[in-house]
Amino acid sequence: MINAVRVLCALALAALFAASGAGAAETHAPAPVLATIKAHPALWVVRSDTATLYLFGSIHLLPPNIDWHSPAIDAALKDSDVFVFEAPLGEEGLRETQAFVQANGMLPPDKALPSELDPQARRDYDSAIAASRLPAESVAHLRPWLAAIVLETRMMESLHYSPDSGVDRQVYKFAKSENRKIESLETVSEQLSLLMPKNRKLEAEEFDASLKEVKTDHNEIGTLVDAWCDGRTDEVARLTNAGLAGTPGAMKLLITDRNARWADKIAGMLAQHHTYFVTVGAGHLAGPEGLPGLLARRGFRVTLLTTHH
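This is the structure in structure tokens:
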């Protein structure tokens, strides 16, 4: 079963990978028309003496039939003059992603990914390529860490999860249409470096594991999305912790350390005279080490708003 948290971390930049041309896919058949699902995700408001800051947890890919808007969220969007994301999106993010992929995501010209795999991994690879319906050539010259993200993204898209429907893109689209100021908490390079093992042996082992996972069901991601839609922050925290429990150091690297760095930056924002709308992965807002908890311990006034209609 695919690890929901690892997938969400990897897919944080799925939209940028698609735009960069890494693993370009065949044209999908139109998604089926589905009944609208009204979601009620959690929204936090953080206040200082000078600033108001909204914290909204993102699911980076969502089915197109999930409507997460509510009066509270729409009012926060309208009131905010600065919008903050994990990493740059739009053209800036695209340029950074393309540069990182060219520098770190490609195999040497004389090597191809299938030939680097042992016989069992090669069988899993062929099965994953067939299931994804990706042109084999679009993945064959990618390094394993990037090939895993491309395959996982494509499998999510086959289940009608789309970056276009994800929270990040939708909020970014609103901010651009309203000509609001846009900032980010880290660079694309910083974010992608977290997903790229520095040890090539570990990279190969993680790729082998992902090939087995990508062929199986996606119940874990569905469970996490359901918890997010219902505003069940304790369940999001439980799933985040459980999803990373089997990987030593992963929770620290992907969640805890980044939250600490982001809390420092957000504290600086709260010293300004602005209203901020900060969109980060939902796992970063859950539990005592989530951003709301860290900011409350720094003395800021943190309130969980109901988003129910």
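Following our numbering, the numbering of the sequence shown begins with 3 at its first residue and continues without gaps.
Virtual Cβ for every residue (Gly too), placed ideally from N, Cα, C.
8 angstroms Cβ cutoff met for residue i and residue j
i	j	result
Val84	Glu185	yes
Leu196	Leu255	yes
Pro116	Ala77	no
Phe209	Leu79	no
Trp46	Leu307	yes
Ser167	Leu64	yes
Asp170	Thr281	yes
Leu55	Tyr174	no
Cys231	Pro43	yes
Gln193	Ala89	yes
Gly107	Leu144	yes
Leu187	Lys267	yes
Leu287	Trp264	no
Met253	Asn261	no
Glu81	Thr277	The identity of residue 81 in the sequence shown is Asp, whereas the question assumes Glu. Yes. Within cutoff.
His62	Pro199	no
Leu213	Ala229	no
Ala123	Leu153	no
With 16 other Cβ atoms within 10 Å as the buried cut-off, status of residue i
i	result
Gly233	buried
Gly283	buried
Leu204	exposed
Arg135	exposed
Asp51	exposed
Asp126	buried
Gly301	exposed
Gly285	buried
Thr225	exposed
Pro137	exposed
Glu159	buried
Gly270	exposed
First and last residue of the uninterrupted alpha helix (DSSP H) at residue i
i	result
Thr155	Pro146 to Ser160
Ala265	Asp259 to Met271
Pro121	Pro121 to Ser134
Ser191	Val190 to Leu196
Ala142	Glu139 to Ala142
Backbone secondary structure at residue i - three-state DSSP
i	result
Thr99	helix
Tyr278	strand
Phe302	coil
Tyr56	strand
Leu307	strand
Thr49	The residue asked about is misnamed: residue 49 is Arg in this sequence, not Thr. Arg49 falls in the strand class under three-state DSSP.
Ile61	coil
Met108	strand
Ser179	helix
Ser82	coil
Lys113	coil
Lys254	helix
Arg285	It should be noted that the sequence gives Gly, not Arg, for residue 285. If DSSP states are grouped into helix, strand and coil, Gly285 belongs with the helices.
Lys203	helix
For residue i, the first and last residue of its enclosing beta strand (DSSP E)
i	result
Trp70	Trp70 -> no beta strand (DSSP E), and no H or E assigned at all.
Ser186	Lys183 to Ser186
Min CB distance residue i to chain B below 8 angstroms
i	result
Pro294	The structure shown has no chain B; it contains just one protein chain.
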